[in-house]
Every structure is written in C-alpha cells, then in structure tokens.
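Working notes, beginning with the structure itself.
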Amino acid sequence: MKNFLLVFLGGGIGSALRYLISKVLNPFIPSFFLGTFGANLLGCLLMGLILGLSAKYTSLNNTTVLFLTVGFCGGFTTFSSFALENYGMLREGQIFLFLLYTLGSVVLGILAVAAGLWLIKALF
Numbered sequence: 001m002k003n004f005l006l007v008f009l010g011g012g013i014g015s016a017l018r019y020l021i022s023k024v025l026n027p028f029i030p031s032f033f034l035g036t037f038g039a040n041l042l043g044c045l046l047m048g049l050i051l052g053l054s055a056k057y058t059s060l061n062n063t064t065v066l067f068l069t070v071g072f073c074g075g076f077t078t079f080s081s082f083a084l085e086n087y088g089m090l091r092e093g094q095i096f097l098f099l100l101y102t103l104g105s106v107v108l109g110i111l112a113v114a115a116g117l118w119l120i121k122a123l124f
C-alpha cells in the first residue's frame, strides 16, 4: 500500500507540473505541442539521471526510486497525450509536423535517457 501511495503522489505531482509546462510552452508553436514534447524529453532525461544515480549510489533507496521514476516521471511524461496529439495531426493532414513530432520525441527521448545515464557516469 505504501508503494501505491508513493506512485500516486509522485504521479500527481508530475502530472500537475506537465500541465503547467504545457500551458506555458504549447502556445509558442501552433500545432506542435512544445510543452508535451519538452516534458517527454525532460522526463526521459530525469529517468536516466535517477536510474544512473540509483545504480551508482546504493544510498538512494528503492522507495525513493519508485516515487521518482514510476510516480513522478510516469505522471510527468505524457505518452497518452502524445498519442492523442499525433492522432490530431494526422486527422488534420499535418504529415510533416506529425513525422517531426513523432520521430523527434522517440529518438530524442531515447537519447535523453542515454544522456542522463552517461552524465551520472561521467560526473560521479
């Protein structure tokens, strides 16, 4: 039950922060959803950093890692919103933006996780 509550709390915090970021950044590029894009990339980088730190330092306990990764990063990153936004771009015939957004999110997201892990190895 404790783990469930930690994930619940972390997810709520992550979701609220994602909402704020989307409200601030989405208006900058119409139809591109910069807030979702940025939250996904930042969430992937944070995931890599957290997992890198937890592998490097055993003092970061499993409860904290669960709260931060499954909870916070799970609520902060927005794959379901990402899928809905992609569907909307396809429905509107915005093929170039769809490809840019989809490929950019996936490729840069993977690279962000790798960068987070690399940063922890390089800095600590």
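Each residue of the sequence shown is one higher than the one before, counting from 1 in the working numbering.
Ideal Cβ positions, reconstructed from N, Cα and C, are used throughout, including at glycine.
Everything numeric in this text was worked out from a predicted model, so none of it was measured.
Helix, strand or coil at residue i according to DSSP, with G and I counted as helix
i	result
Pro30	coil
Asn3	helix
Ser22	helix
Phe124	coil
Tyr101	helix
Thr58	coil
Limits of the unbroken alpha helix (DSSP H) element including residue i
i	result
Ser80	79 to 91
Val65	62 to 66
Beta-carbon proximity list for residue i, same chain, < 7 Å, skipping 5 on both sides
i	result
Ser105	Phe37, Asn40, Phe82
Gly109	Asn40, Leu41, Cys44
Leu60	Leu53, Ser54
Ile21	Gly35, Gly38, Ala39
Beta-carbon proximity list for residue i, same chain, < 6 Å, skipping 5 on both sides
i	result
Phe67	Leu6, Gly10
Leu117	Gly48, Gly52
Gly74	Gly11
Assigned exposure category for residue i - 16 Cβ within 10 Å defines buried
i	result
Ser58	A quick correction: the sequence has Thr, not Ser, at residue 58. The residue is exposed, with fewer than 16 neighbouring Cβ atoms inside 10 Å.
Ala112	buried
Ile95	exposed
Arg91	exposed
Leu84	exposed
Met1	exposed
Thr63	exposed
Leu97	buried
Tyr101	buried
Residues near residue i by beta carbon distance below 8 Å, same chain, minus five either side
i	result
Leu34	Leu25, Asn26, Phe28
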